[in-house]
Each structure stands twice: as C-alpha cells, then as structure tokens.
Amino acid sequence: MAALIGKDPRFDHANGLWYIRDAPPIRTWDTDSAFLYIEAAHRTKHCRGAIHCTSGHCFEFDSSTSAAAIVEALDRTKGKVLFAWGKRDLHQLNQLLAKSRIPEWTGEFLSLGLMASRLFHRKIQSPNALASVLDIHVPEDSDPKEMARFISDCVPLLLDRIPAEYREEIGLLQTWVNGAEKTIDFGHFEFDLIFLKQLPESPGVYIMKDRTDRVLYVGQSGNLRKRVRSYFVSSALEQPKIQKIHESLYRIEVRQTKNEVEALLLEMRLIRRLKPVINLQTEVHRDIPRHGPRNIILMASKTDYEAATLYFLRENCFIGKQLNRLGTSAAAKLRERIRRIFFGKSKEPRRHDPREMEIVARWMARHGKRLNWLDVDEAGSFGNVIRLLNDYLHDPDNLSKKVYYR
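Residues 73 to 478 in the numbering used here are what the sequence shown spells out, letter by letter.
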C-alpha cells in the first residue's frame, strides 16, 4: 500500500481526500431477478421469447411450448422481480399463459424501457437505442436467450445511475420509474377505454365536449379509432393542446363519412358552425393558392367498389356531389346534373364557400397520384365528358387505381 501512495500528502491523516468506503448492502431484489424478452417480429403473430434468471438458468419458449414446461420454468421465477423492455412484453407473456390455462404473472414488474427513458430524459425506443446510449454491444434479436441476457446486463448499468434513495426498496424504485409515465384518468370522462376500442376504423369527424355540452374541439381523420385513441396515450399528455383538451373534456361524439374528403368538408363546416373553443380555425385553409378557374369531376369509389361518389367543382367552388353505381353508365339524373352545372346557360355557379374547394384542392394535392378525376374544360363537350365518365364507371377496377383516359 505504501508503494502505491508514496508520500502523497492526502493520505497523511484519516480525514484525507482518499478513503475506503464500505460497499453498499446488496438487496435481495438486486440478485434475485428474472429478465423477460419477447421477440418484436412475433408480437402480432405468436409469442416467442425467453426468460433469464440471475441464477444463470435461461428458458426459451414460443406458442407451441407445452404448459408443463412453462410451469416448470415459471417456478424458478417465483418471488423474483421481473424486468422486461416494456409492459407489452408482460402482456404478451400473460396471453401465452392464459392460452395454456396457467395463471398470469402477478409479481413485481419493472419496465427497462421506461427506466431508461426516465433516466436519460428522453424516449428510448428500443434495446438497440439503449445499447447505443450505454455504448455496449447488442446481440442479434433473432436469439431470444441472448436478448434476455442483454436485458439482465443492462439493468445494473441503469440502476447505478438512479438516485441511491430510490434503490433501497423495490417499491421506491417502481415509484421512481413510473414517474416517467403520465397516466390517463378516465374517471373524469363519460367514456372509457372500451368506448375507444369500439370506435369505427373509418373516415369521419370527432367532436369533443365538456360537461355543459360546450364544444371544445373538432377534428377529422381517415381512421377515427386510431386518431381518437391517440389523445389517450401517456406521450400525448406532453402536448399543450391535448393538455388543454383534457382539462375540460367529458364527452366524445363521432360522425362517420363515406371517405376522407367528406370528413374534411364536414370538419370545416362544423368548426364554422360550432366555433369550438380550442380550435377556432375558420381560416385554416385559406392559404391554398388558386391556379385559375377549374371545372372538375372528382371520383372516389366506396370501399366495397359497388358505387362511386362524384364531386362537382366549378370555377374553384365546391358545388355538390352525387352517388352512381359502378358497372353501369351515368344515370339520367347524373347526366342532367352535369349538363346543368358545367354546360348550362348560366355562367356563374351557385356560390358555395370557396374554402370548400380549397380543402378539396389540398386533399387532391395529397392524394393526386391515386385519385381519378375529369377535367371538364379539357374534355370540351358534354358528350365527351359523359363518354369519359362512362369509361370509368363501367369498370369498377379503374377507380381502385390511377388511370388516364384521353
């Protein structure tokens, strides 16, 4: 020892800057843990993963593993703290246990992904991302056993960075880790998670209201379920607009539409009429540039390809729409309406709000590569418009892909 410290004055007295410290006590949950990994590529098909224990035992499983083998492996994890990347892994494990008629895991659980995100003050999306942050090697994720061992290697590296007062007990550690995740309190709302899961996966508009039925927010989406549910995940609570919605939200109403363009138009009309307090956006679409008057018949087929909705746009004004069955020629009522709108004696169209045309123009610009429409001016005559229109309507497959008739 003397050879190492030499005559360093810092060791001249017991209160020097260098001293030997007693090692911190080893907690039972530090050394008695299990580490779960579920292969991401199989989460939606079937369960494949592994559980690694600090004792060195590692068990690999999939959906075909026998119930007896699973029970034997889980016996080794009794009383242990289970670490996994996220709650989805635990949910997937419990689904496998339920399928094998085995009681689900009810022990202590900690999310490694949530722990890392809390520690580094940003979202750590995957084990690969964590490996990059910790500057360690991550094994091929095609080997569940190696990935389970990788998780076990990461845990002490993260624990060492967590404040000491939260490492003394598993409950304190869970409190610290869960502090990174804001939870949604559905007790404030008229609806619950079941309502969100039962929303249609179709285009439409959603209306958010408070307890007095005052409209807070109006929005639209091509997939109502996906869009509305996005307001009720923990990450959404970090957005100021959504925080403001949650402060007063009580009820949600949805209105389905035939397609996305109708949802866009309905959204604008509802915003103008209802004047929602959070998204007063009556001028939201006014920045669309005009490129001269356009006379267009826009065609959008229904999902079952039995009929198509035709939208009539004259001189940058949305005039109206009409349904026509596919596999047939343009009906007499449709032909007469086209004649009246585009070839009538009156040169001025009925004045609808030009912002409706701007919304349709925005939608056309975004989806133009897969939409079909007729340029009435280019077609020239009424007879030519009907001929080109019938070419589309006679063949339903034409409206499922972008085609051109000249």
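Yeah, the Cβ is synthetic: ideal placement off N, Cα and C, and Gly gets one too.
- When the Cα atoms are used, Ile-196 and Trp-157 turn out to be separated by approximately 10 angstroms.
- Nearest neighbour of Asp-282 by Cα position, chosen from His-124, Ser-320 and Tyr-383, turns out to be Ser-320.
- With a cutoff of 8 angstroms on beta-carbon distance, Gly-259 and Thr-329 are scored as not near each other.
- According to the DSSP assignment, Ser-183 belongs to the beta strand (DSSP E) that extends over 181-183.
- Counting every other CB atom within 10 Å of its CB across the protein chains shown gives Thr-149 a total of 16 or more, marking it as buried.
- Restricting attention to Asn-462, Tyr-464 and Arg-411, the CA atom closest to the CA of Ser-453 is found in Arg-411.
- Gly-291 carries a strand assignment under DSSP once its states are collapsed to helix, strand and coil.
- Within the model, the alpha-carbon separation for Lys-313 versus Ile-324 is close to 16 angstroms.
- For Trp-248, the enclosing alpha helix (DSSP H) stretches over residues 242-250.
- Contact between Leu-346 and Val-290 is confirmed by a C-beta separation of about 6 angstroms, below the 8 angstroms threshold.
- With three or more CB-CB distances shorter than 8 angstroms, the region 180-197 counts as touching the region 223-230.
- For Arg-366, the closest C-alpha among the options Lys-298, Asp-447 and Lys-417 is that of Asp-447.
- Contact between Leu-108 and Asp-161 holds: their C-beta atoms lie close to 6 angstroms from each other, under 8 angstroms.
- Lys-159 is classed as exposed because its beta carbon has fewer than 16 other beta carbons within 10 Å across all chains shown.
- Annotation for Ile-256: no beta strand (DSSP E) segment contains it, and DSSP assigns it neither H nor E.
- Contact between the region 244-251 and the region 261-275 is absent: fewer than 3 CB-CB pairs across the two stretches fall below 8 angstroms.
- Under DSSP, Phe-131 shares a beta bridge with Ile-123.
- The criterion of a C-beta distance shorter than 8 angstroms is not satisfied by Phe-261 and Tyr-303.
- Taking 4 residues as the minimum length, the alpha helix (DSSP H) runs contained wholly in the region 150-220 are 159-171, 184-192 and 199-206, in order along the chain.
- Under DSSP, Gly-392 shares a beta bridge with Phe-384.
- Considering only Gln-292, His-318 and Ile-368, the residue with the shortest C-alpha distance to Asn-331 is Gln-292.
- Between Asp-104 and His-118, the gap from beta carbon to beta carbon reaches 8 angstroms or more.
- Within a 10 Å sphere around the beta-carbon of His-466 sit fewer than 16 other beta-carbons, which makes this residue exposed.
- DSSP places Gly-455 in no beta strand (DSSP E) but in the uninterrupted alpha helix (DSSP H) bounded by 454-466.
- Between the C-alpha atoms of Leu-265 and Arg-299 there is a straight-line separation of about 14 angstroms.
- Secondary structure of Ala-402 (DSSP, three-state): coil.
- By the 16-neighbour rule on beta-carbons within 10 angstroms, Gln-315 is exposed.
- When the five nearest sequence neighbours on each side are left out, the beta carbons in the same chain lying within less than 6 angstroms of the beta carbon of Pro-216 are those of Tyr-109, Glu-111, Gly-121, Ala-122 and Glu-132, in order along the chain.
- Note that the C-beta distance between Ser-172 and Ile-142 is below 8 angstroms.
- Considering only Val-349, Ile-458 and Ala-451, the residue with the shortest C-alpha distance to Thr-400 is Ile-458.
- Bridge partners of Ala-372 according to DSSP: Thr-381.
- If you compare the alpha carbons of Phe-384, Leu-244 and Val-349 with that of Val-333, the shortest gap goes to Phe-384.
- Nearest to Pro-175 by C-alpha distance, out of Leu-186, Asp-147 and Met-371, is Asp-147.
- Here Gly-185 is buried. Its C-beta has 16 or more other C-beta atoms within 10 Å.
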